[in-house]
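Numbering (the working numbering), first residue to last: 1 to 378.
Even glycine gets a Cβ: it sits at the ideal position worked out from N, Cα and C.
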Ligand SMILES: [Mn+2]
């Protein structure tokens with residue numbers, strides 16, 4: 001067995017308390033790998049919580065057991081908590097008249113959790129390095145995170161990542177231990193190896209892993225797909241992965257508002273560099289006009305590259321005033337990650353992103369000048 005894999009299995013067996021974190025604006029692979037790992041740890045009778053700077057997106061809610069809870073004032077969401085099973089049991093044991101007790105109990109837990117976080121944060125401010133002890137010796141595992149700043153500000157300042165499990169070509173060494181497999185189509189492929197070594201893949205875990213691989217490969221269309229990817233998928237289907245539910249939730253779950261937004265986005269389509277580059281923009285104004293929410297904007301970045309002859313597809317999305325998220329999708333030989341790295345971002349050869357704090361016009365100009373250089377060089 002691979003040595004890295006072996007050490008991860010050892011850690012999962014030995015430790016009892018885990019925190020799983022993933023990148024902000026989580027995609028299918030981020031959510032799929034975090035929840036697959038969570039359900040695996042649950043089966044191993046471990047304590048585990050998932051934190052992210054954003055809640056589980058609408059399309060992936062079917063993988064989680066309950067709505068994401070915001071930890072008040074921290075800009076952090078708890079997506080799952082194994083310890084809650086006890087709360088359910090506690091709730092069921094109560095007669096209906098005692099409902100209020102349960103609420104008190106719940107809010108007392110919520111506030112004590114908050115206190116822990118505050119203590120934890122303060123300890124970091126004061127420079128204490130025993131920060132992890134305060135969260136009860138949690139082992140922090142990061143999944144699908146290429147760089148620590150992708151955790152989002154609050155989480156980044158709150159935690160040190162002990163183990164990073166990732167497949168990004170641009171992955172940085174921010175964790176104590178990094179398990180990187182650049183040949184894996186998705187972080188979920190690596191999670192598959194881990195869960196499979198335990199022999200504990202059930203239908204739920206299989207569905208999570210399927211979701212991550214399906215979304216990160218563009219439904220098995222991208223060049224990151226390998227024979228191994230399909231072998232894993234075959235195994236997952238045998239273990240009960242519900243591909244129909246995944247497809248329905250991820251692709252056929254659009255709201256009326258989202259479809260309206262789609263129309264506005266297509267109107268913004270523009271071409272550059274002899275039609276080899278296509279760009280769309282998503283602005284707050286479009287959200288307002290369509291009634292769509294920021295959450296509805298994540299599924300459009302594949303559009304520009306679908307056009308014949310386009311080697312670089314750019315999506316510029318307004319996060320807030322004068323702050324834009326840029327997503328790049330490229331065809332070989334254009335390296336999307338190296339372009340985005342120039343703006344402090346990163347990702348894969350054919351799909352990468354960065355954030356630029358400028359006006360929309362300036363953002364377009366800056367990214368186009370780098371794209372132009374890359375197209376001229378090739
Ligand atoms: Mn991924």
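Asked, Found
"For residue 175, report the span of its beta strand (DSSP E) as first-last.", "No beta strand (DSSP E) contains residue 175, which DSSP labels as neither H nor E."
"Can you tell which of 15, 201, 269, 371 has its C-alpha closest to the C-alpha of residue 237?", "201"
"Alpha carbons only, please: which of 321, 318, 210, 311 is nearest the one belonging to residue 330?", "311"
"If you count every other CB in all the chains shown that lies within 10 Å of the CB of residue 313, and 16 or more means buried, which is it?", "buried"
"Measuring from the CB of residue 169, is there a heavy atom of ligand 1 at a distance below 8 angstroms?", "no"
"Does DSSP put residue 78 in a helix, in a strand, or in coil?", "strand"
"Can you tell which of 216, 15, 207 has the C-alpha that lies nearest to the C-alpha of residue 347?", "216"
"Considering only the beta carbon of each residue, do residue 189 and residue 163 sit closer than 9 angstroms?", "no"
"Out of 169, 17, 24, 228, state which residue places its alpha-carbon closest to the alpha-carbon of residue 42.", "17"
"Give me the Cα-Cα distance between residue 276 and residue 157, rounded to the nearest whole angstrom.", "40 angstroms"
"Shorter than 8 angstroms, the distance from the beta carbon of residue 147 to the closest heavy atom of ligand 1, or not?", "no"
"Cβ of residue 30 versus every heavy atom of ligand 1: is any distance shorter than 8 angstroms?", "yes"
"By DSSP, does residue 164 sit in helix, in strand, or in coil?", "strand"
"Is it buried or exposed for residue 191, if we count other Cβ within 10 angstroms and need 16 for buried?", "buried"
"Should the segment 20–30 be called in touch with the segment 41–59, which here means at least 3 C-beta pairs below 8 angstroms?", "yes"
"Using the beta-carbon count (16 or more within 10 Å), is residue 343 buried or exposed?", "buried"
"Measuring CA to CA, which of 62, 30, 258, 227 is closest to residue 204?", "62"
"For residue 364, which beta-bridge partners are listed by DSSP?", "Paired residue(s): none; residue 364 is not in a bridge."
"Residue ranges of each beta strand (DSSP E) run of no fewer than 3 residues wholly in the segment 195–227, ordered along the chain?", "none"
"CA-CA distance, residue 385 and residue 273?", "Since the first residue shown for the chain is 1 and the last is 378, residue 385 is missing from the structure and cannot be characterised."
"Rank 366, 65, 14, 183 by C-alpha distance to the C-alpha of residue 228 and give the top, closest one.", "183"
"From this set, 160, 309, 159, 179, which residue's C-alpha is nearest residue 168's C-alpha?", "179"
"What does residue 297 pair with, by DSSP beta-bridge criteria?", "Partner(s): none; residue 297 has no beta bridge."
"Counting Cβ pairs closer than 8 angstroms, one from the segment 289–297 and one from the segment 259–271, do we hit at least three?", "yes"
"Check each candidate in 185, 161, 223 and name the one with the smallest Cα separation from residue 147.", "161"
"How many angstroms separate the CA atom of residue 138 from the CA atom of residue 231?", "34 angstroms"
"Report yes if the CB atom of residue 207 is closer than 9 angstroms to the CB atom of residue 240, and no otherwise.", "yes"
"Between residue 35 and residue 376, what straight-line distance do the alpha-carbon atoms span, to the nearest angstrom?", "43 angstroms"
"Ordered along the chain, which non-local residues of its own chain (more than five positions away) have a Cβ less than 6 angstroms from that of residue 323?", "357"
"Do you know offhand how far residue 364's Cα is from residue 278's?", "11 angstroms"
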